Amino acid sequence: MKCSDFIRDVGPYLDSELDPKTALEMARHAETCAACAARLEGERRLEASLARRLAAGAPTPELWDAAIRRVDRGRPTRRAWRWIAAAAVLAVVAGAAFVVWPRHHEMDLADVAYEHHAAYLLGTSPPEVTESRAGAVQEFLDREMPFALRLPEALDVGITGARRCRLGDTPVAYLVGRCGEEDVSLMVFPADGLRAFPDAAARFAAEGPIIHCHVAGLRFVGAASNHWIACGVTRGDAAKLQTTVAALVSR
Ligand SMILES: [Zn+2]
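Here the sequence shown stands for residues 19 to 269, numbered as in the numbering used here.
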């Protein structure tokens with residue numbers, strides 16, 4: 019067994035989800051590879067610590083963040099999602115308003131935006147560029163995106179990074195940022211990409227150029243113009259998210 023195989027399977031291994039042969043290979047590898055043994059121990063400690071915090075009482079936004087940021091940083095496995103679900107269930111039981119575990123199929127575009135946001139928070143989809151100096155994200159967009167997207171000078175969400183992504187055939191500029199204390203994910207793509215999102219298209223048709231919904235306890239806002247779709251999710255200020263996505267499509 020190679021270390022890369024071990025890393026890939028360590029979550030299912032801890033969950034006893036592997037077939038006996040693979041589980042045995044995992045155990046043997048951990049006996050002979052100090053790095054993977056340390057990795058396994060780290061995973062075990064992380065789980066124990068999270069379990070203690072979940073059991074300790076009233077959930078807080080910080081606990082929610084701990085669940086989605088720290089568990090399985092490298093891989094959004096079933097196990098990671100179970101922990102997030104556990105945090106969410108506890109929050110709901112405790113009457114906390116800040117999180118509601120996603121109802122299935124909220125709105126197609128909102129679901130996708132949420133999935134990308136969760137992957138960003140989990141660390142599985144880090145930005146390709148960070149705004150380490152003024153203009154770095156704009157330069158990245160100019161260089162890497164197949165369309166010309168000018169970021170407005172002043173946005174209510176502070177852009178901190180970007181990466182490329184795709185929704186089906188549509189190239190998407192994925193931006194991350196901060197709004198006060200909260201993380202924000204933004205997606206901007208040419209308007210014809212909306213074809214892949216019939217729910218969102220119907221909402222825009224019925225409600226006009228700005229649409230809102232909740233997804234997994236976060237706020238989703240979408241904005242449409244003739245040429246662009248922009249949308250975002252955050253736990254933070256929905257009004258600032260709205261002015262931001264509106265500004266992004268106004269170019
Ligand atoms: Zn190893």
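Note that beta-carbon positions come from the ideal geometry of N, C-alpha and C, so glycine has one too.
Keep in mind it's a predicted model, so treat the numbers as computed, not measured.
Under a 10 Å Cβ-count criterion, C197 is classified as buried, with 16 or more other Cβ atoms of the shown protein chains found around its own Cβ. The segment 244 to 256 and the segment 201 to 212 touch, with three or more beta-carbon pairs separated by less than 8 Å. For L173, the CB contacts under 7 Å within the same chain, skipping 5 residues up- and downstream, are T262 and A265 in chain order. Collapsing the DSSP output to three states places V175 in coil. Per the Cβ contact rule, the segment 202 to 221 is in contact with the segment 127 to 135 (3 or more Cβ pairs under 8 Å).
With a cutoff of 8 Å, C54 counts as near ligand 1, since its C-beta is closer than that to a heavy atom of the ligand. For P170, same chain residues with a beta-carbon under 8 Å away, outside a window of 5 residues either side, are A265, L266, S268 and R269 in chain order. Under a 10 Å Cβ-count criterion, K39 is classified as exposed, with fewer than 16 other Cβ atoms of the shown protein chains found around its own Cβ. Around the beta-carbon of S143, 16 or more other beta-carbon atoms lie within 10 Å, marking it buried. DSSP links R161 through a beta bridge to no other residue. For D201, the pairing in a beta bridge is given by DSSP as R196.
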